[in-house]
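The block underneath contains the structure these notes are about, expressed in structure tokens.
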Amino acid sequence: MQYKNAAMRNVREIAQQLGVANVLEGSVQRSGNRVRVTAQLIDARTDTHLWAERYDRDLADVFAIQSEIAKKIAD
Numbered sequence: 002m003q004y005k006n007a008a009m010r011n012v013r014e015i016a017q018q019l020g021v022a023n024v025l026e027g028s029v030q031r032s033g034n035r036v037r038v039t040a041q042l043i044d045a046r047t048d049t050h051l052w053a054e055r056y057d058r059d060l061a062d063v064f065a066i067q068s069e070i071a072k073k074i075a076d
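Listed below in structure tokens is the structure:
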């Protein structure tokens, strides 16, 4: 969460600091017992979005969303 509230979003710079080619960016919103998770995988060299998805679920399913995102990225 080091980059959570970064004043300037520079994916290339963040990727260089982390030593990675791609960066996963996302957000979480909660409303009552519902949660919306948005995630996008970005190629840091070109700032191209490789994948993006939005998940609207019950709050109880938040860990299942995490697993789904990891599986989608790995595939």
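Each residue of the sequence shown is one higher than the one before, counting from 2 in this note's numbering. Glycine residues also receive a C-beta, built at the ideal position from the N, C-alpha and C atoms.
Item: Local conformation of residue 135 per DSSP, three classes; Value: No statement about residue 135 is possible, as the shown extent of the chain runs from 2 to 76 and does not include it.
Item: Rounded straight-line distance, which links the Cα of residue 63 to that of residue 52; Value: 20 Å
Item: C-beta atoms of residue 23 and residue 43 nearer than 8 Å; Value: yes
Item: Own chain residues within Cβ distance below 6 Å of residue 30, not counting five before or after; Value: 37
Item: Reference residue 48; option with closest CA among 13, 34 and 32; Value: 13
Item: Distance between residue 54 and residue 18 (C-alpha atoms, nearest Å); Value: 25 Å
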